[in-house]
Amino acid sequence: MLAYVLRRLALIPLTLFGIMLVNFIIVQLAPGGPVEQMIARVEGTAGAESQRISGGGGDVQAQARAMRGSEASGAYRGAQGLDPAFIAEIEKQFGFDKPPHERFIQMLGNYARFDFGKSFYRDTPVVDLILEKMPVSISLGLWTTLIIYLVSIPLGIAKARRDGSTFDIATSWAVVVGYAVPGFLFAILLIVVFAGGRYLAWFPLRGLTSPDWGSFSTLGKVMDYFWHLTLPVTALVIGSFAGLTMLTKNSFLEEINKQYVVTARAKGLSEARVLYGHVFRNAMLLVVAGFPAALVGILFAGSILIEIIFSLDGIGLLGYEAVVNRDYPVMFGTLYMFSLLGLVLNLISDLMYHLVDPRIDFGKREV
387 MLAYVLRRLA
397 LIPLTLFGIM
407 LVNFIIVQLA
417 PGGPVEQMIA
427 RVEGTAGAES
437 QRISGGGGDV
447 QAQARAMRGS
457 EASGAYRGAQ
467 GLDPAFIAEI
477 EKQFGFDKPP
487 HERFIQMLGN
497 YARFDFGKSF
507 YRDTPVVDLI
517 LEKMPVSISL
527 GLWTTLIIYL
537 VSIPLGIAKA
547 RRDGSTFDIA
557 TSWAVVVGYA
567 VPGFLFAILL
577 IVVFAGGRYL
587 AWFPLRGLTS
597 PDWGSFSTLG
607 KVMDYFWHLT
617 LPVTALVIGS
627 FAGLTMLTKN
637 SFLEEINKQY
647 VVTARAKGLS
657 EARVLYGHVF
667 RNAMLLVVAG
677 FPAALVGILF
687 AGSILIEIIF
697 SLDGIGLLGY
707 EAVVNRDYPV
717 MFGTLYMFSL
727 LGLVLNLISD
737 LMYHLVDPRI
747 DFGKREV
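Just so we're aligned, residue 387 is where the sequence shown starts under our numbering, counting upward by one.
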């Protein structure tokens, strides 16, 4: 098993390299980079200024030409009227004065030291931004995963005990609906119904705390926190509990049909003793060991859209705004951190499988 762990640890840098390389190439091919956006802003400012001064008459064309350079540049569309020296200064400011391969190598070297640079538009170190937004995403991920386990495990056990009954069929329909409808659609429905969208205004629409949260008592702060957390966590739970419920049910059904259960019942043990004293311990191995993987799915897949919909200032919203604004240091910094954390949690998940059931040995197969 130690050899397997070492191989997985050795693969993490290679996997990170591949992820960063593919995304770097895609970003280079995508139009509307930070230099182009800055040029567009300058062009827009110059255009607006020209329109403002045109109302007073005079030589408008001369004044506009004075604001813009006389030489043309073919480097960027829409920048033909700007001074090439000014464009070169913008490129240097954003680090685009170097070829792409040099920028990529420099980025990897900095990221290996967890130096992600500064945000282009916030003038704040990316590490500080990530640490500032991380508590929101962790809150969503941990509470959602905890509630999913608290709901799915008892529901899966009940479905296994009543396999084929009306209860099993009815809850299966609920599970199918929860699995089929994306979480962000539930989020929109919850906003419309409960957050003042159309009917009720029981819950707040944005943030994890009220503006005057600091003035509340300790109990008031806790209640306010959970009040704000109710709708986003509910949206995530509804769209995510189906898989774990069916996994729990199938695990219990598999264990119930094994010989040791028949033997335990033949010895006169009560059904509760058989179920919770023998079946539960064996059936829950894979479910419990999958906790890190479930947390990865919640953090990296579902919470991003939920943060955007509910205006939660977390990593997901930060990454979305970085993509819209082409804030490359934030984009690649969050991508690097998400990828690294996901790879480490997946390795921890494999180790937990082996820990709860030593018969599962990943070291006996190829990575």
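C-beta: ideal position from N, C-alpha, C; glycine also. These numbers were taken from a predicted model, which means no experiment stands behind them.
* Asked: If you drop the 5 nearest sequence neighbours on each side, which residues of the same chain put their C-beta closer than 8 Å to that of residue 694?
  -> The residue you call residue 694 lines up with position 308 of the sequence shown. Closer than 8 Å at the Cβ level, and outside the excluded window around residue 694, lie 702, 703, 706.
* Asked: Looking only at DSSP bridge pairs, what is residue 587 linked to?
  -> Taking the sequence shown and counting its residues from 1, the one referred to as residue 587 is at position 201. Residue 587 pairs with 581.
* Asked: Where do the N-terminal and C-terminal ends of the alpha helix (DSSP H) with residue 484 fall, by residue?
  -> Here residue 484 refers to the residue found at position 98 when the sequence shown is read from its first residue. If you look at residue 484, you'll find it isn't in any alpha helix (DSSP H); DSSP assigns it neither H nor E.
* When you compare each of 700, 544, 600, 565 to residue 658 by their alpha carbons, which one comes out closest? -> Within the sequence shown, the letter at position 272 stands for residue 658. That would be 544, whose Cα lies nearest to the Cα of residue 658.
* To do: Could you name the residues of the same chain whose beta carbon sits closer than 6 Å to that of residue 719, not counting the 5 residues immediately before and after it, in chain order?
  => As a position in the sequence shown, residue 719 is number 333, starting the count at 1. Cβ within range, chain order: 502, 512.
* Who are the Cβ neighbours of residue 569 in its own chain at under 8 Å, not counting the five residues just before and after it? -> Stepping through the sequence shown from its first residue, residue 569 is reached at position 183. Same-chain partners within the cutoff: 621, 622, 624, 625, 626, 688, 691, 692.
* Asked: What separation, rounded to the nearest whole angstrom, lies between the Cα atoms of residue 732 and residue 585?
  -> Working through the sequence shown from its first residue, we reach residue 732 at position 346. Working through the sequence shown from its first residue, we reach residue 585 at position 199. It is roughly 42 Å from the alpha-carbon of residue 732 to the alpha-carbon of residue 585.
* To do: With DSSP collapsed to three states, give me the class of residue 504.
  => Indexing the sequence shown from 1 puts residue 504 at position 118. In this structure, residue 504 counts as strand in the three-state DSSP scheme.
* **Under 8 Å between C-beta atoms of residue 533 and residue 619** => Working through the sequence shown from its first residue, we reach residue 533 at position 147. Working through the sequence shown from its first residue, we reach residue 619 at position 233. Cβ distance < 8 Å, so residue 533 and residue 619 count as in contact.
* Based on Cα-Cα distance, which residue from 674, 642, 698 lies nearest to residue 663? -> Taking the sequence shown and counting its residues from 1, one reaches residue 663 at position 277. Ranking the options by Cα distance to residue 663, first place goes to 642.
* Asked: Looking at the C-beta of residue 713, does it have a partner C-beta in chain B at a distance below 8 Å?
  -> Here there is only one protein chain, and chain B is not present.
* In whole angstroms, what is the alpha-carbon distance linking residue 646 and residue 639? -> In the sequence shown, counting from the first residue as 1, residue 646 sits at position 260. In the sequence shown, counting from the first residue as 1, residue 639 sits at position 253. Their backbone Cα atoms lie some 13 Å apart in a straight line.
* Roughly how many angstroms lie between the CA atoms of residue 644 and residue 736, to the nearest whole one? -> For the purposes of this step, residue 644 is taken as the residue at position 258 of the sequence shown. For the purposes of this step, residue 736 is taken as the residue at position 350 of the sequence shown. Each residue's Cα considered, the two are about 25 Å apart.
* Asked: Does DSSP classify residue 568 as helix, strand or coil?
  -> Taking the first residue of the sequence shown as position 1, residue 568 is located at position 182. When DSSP states are grouped into helix, strand and coil, residue 568 belongs to the coil group.
* To do: Pick helix, strand or coil for residue 540, following the three-state DSSP scheme.
  => The residue you call residue 540 lines up with position 154 of the sequence shown. Correct three-state label for residue 540: helix.
* Asked: Exposed or buried, which one is residue 495 when buried takes at least 16 other CB atoms within 10 Å?
  -> By one-based count along the sequence shown, residue 495 stands at place 109. Residue 495 is exposed by the Cβ-count criterion.
* Using a Cβ-Cβ cut-off of 7 Å (strictly less than) and excluding sequence neighbours within five positions of residue 497, which residues of its own chain qualify? -> For this step, residue 497 is matched to residue 111 along the sequence shown. Within its own chain, the residues whose Cβ lies closer than 7 Å to the Cβ of residue 497, once the five positions on either side in sequence are excluded, are 722, listed in chain order.
* Scan the stretch 590-627 and note each continuous alpha helix (DSSP H) run of 4 residues or more that stays entirely inside, going in chain order. => Complete alpha helix (DSSP H) runs here, min 4: 604-624.
* **Three-state secondary structure (DSSP) of residue 511** => Position 125 of the sequence shown, counted from the start, is the residue given in the question as residue 511. Reduced to three states, the DSSP call for residue 511 is strand.
* **Beta-carbon contacts of residue 506 that lie in its chain and below 6 Å, excluding the five residues immediately before and after** => Locating residue 506 in the sequence shown gives position 120, where the first residue counts as 1. Hits under 6 Å: 420, 713.
* Between 700, 562, 716, which lies nearest to residue 525 when the distance is taken from Cα to Cα? -> Locating residue 525 in the sequence shown gives position 139, where the first residue counts as 1. Ranked by how close their Cα comes to the Cα of residue 525, the residues 700, 562, 716 have 700 in first place.
* Distance, Cα to Cα, residue 594 vs residue 601? -> Here the question's residue 594 lines up with position 208 in the sequence shown. Here the question's residue 601 lines up with position 215 in the sequence shown. So the two alpha carbons sit approximately 15 Å from each other.
* Asked: Under the three-state reduction of DSSP, which class applies to residue 417: helix, strand or coil?
  -> Within the sequence shown, the letter at position 31 stands for residue 417. Note: residue 417 maps to coil in three-state DSSP.
* State buried or exposed for residue 442, treating a residue as buried only when at least 16 other CB atoms are found within 10 Å of its CB. => Counted from its first residue, the sequence shown places residue 442 at position 56. Residue placement at residue 442 is flagged as unreliable, the pLDDT there being 45, under the threshold of 50; the coordinate-derived value follows with that caveat. Residue environment: residue 442 is assigned as exposed (fewer than 16 neighbouring CB atoms within 10 Å of its CB, all protein chains considered).
* Asked: To the nearest whole angstrom, what separates the beta carbons of residue 779 and residue 491, a pair I think is in contact under 8 Å?
  -> This structure gives no information on residue 779, because the portion of the chain shown stretches from 387 to 753.
* Thinking C-beta only, is residue 630 closer than 8 Å to residue 673? -> Looking up residue 673 in the sequence shown gives position 287. Looking up residue 630 in the sequence shown gives position 244. Yes, the pair counts as a contact, with Cβ atoms nearer than the cut-off.
* Return the chain-ordered ranges of every alpha helix (DSSP H) run that is complete within the stretch 632-682 and spans a minimum of 4 residues. => As far as the stretch 632-682 is concerned, its whole alpha helix (DSSP H) runs of at least 4 residues are 645-652, 657-660, 666-675.
* Alpha carbon of residue 401 to alpha carbon of residue 599, nearest angstrom -> Start at 1 with the first residue of the sequence shown, and residue 401 comes out as number 15. Start at 1 with the first residue of the sequence shown, and residue 599 comes out as number 213. Those two C-alpha atoms are separated by around 42 Å.
* Residues near residue 564 by beta carbon distance below 7 Å, same chain, minus five either side -> For the purposes of this step, residue 564 is identified with residue 178 of the sequence shown, where counting begins at 1. Correct list, in chain order: 624, 625, 627, 628.
* Compute the beta-carbon to beta-carbon distance between residue 572 and residue 581, rounded to the nearest angstrom, for a pair I have assumed lies under 8 Å. => On the sequence shown, position 186 is the one that residue 572 refers to. On the sequence shown, position 195 is the one that residue 581 refers to. No, residue 572 and residue 581 are not in contact; Cβ-Cβ is about 13 Å, not under 8 Å.
* If you follow the alpha helix (DSSP H) that residue 705 is part of, which residue opens it and which one closes it? -> Taking the sequence shown and counting its residues from 1, one reaches residue 705 at position 319. From DSSP, the alpha helix (DSSP H) with residue 705 extends over 701-711.
* **Spatial distance of residue 652 from residue 553 (CA atoms)** => Residue numbering aside, residue 652 sits at position 266 when the sequence shown is read from its first letter. Residue numbering aside, residue 553 sits at position 167 when the sequence shown is read from its first letter. Across the structure, residue 652 and residue 553 are spaced so that their CA atoms are roughly 28 Å apart.
* **Option nearest residue 415 by Cα separation, candidates 493, 486, 596** => For the purposes of this step, residue 415 is identified with residue 29 of the sequence shown, where counting begins at 1. Closest by C-alpha distance to residue 415, out of 493, 486, 596, is 486.
* How would you label residue 404, buried or exposed, when you count the other beta carbons within 10 angstroms and need 16 or more for buried? -> The sequence position of residue 404 within the sequence shown is 18, counting from 1. Here residue 404 is exposed: its Cβ has fewer than 16 other Cβ atoms, across all protein chains shown, within 10 Å.
* **Cβ-Cβ separation, residue 592 to residue 696 (assumed contact under 8 Å), whole Å** => As a first step, residue 696 must be located in the sequence shown, where it is residue number 310. As a first step, residue 592 must be located in the sequence shown, where it is residue number 206. Confirmed, Cβ separation roughly 6 Å.
* State the DSSP-derived secondary structure class of residue 689, mapped to helix, strand or coil. => As a working note, residue 689 is residue 303 in the sequence shown. Correct three-state label for residue 689: helix.
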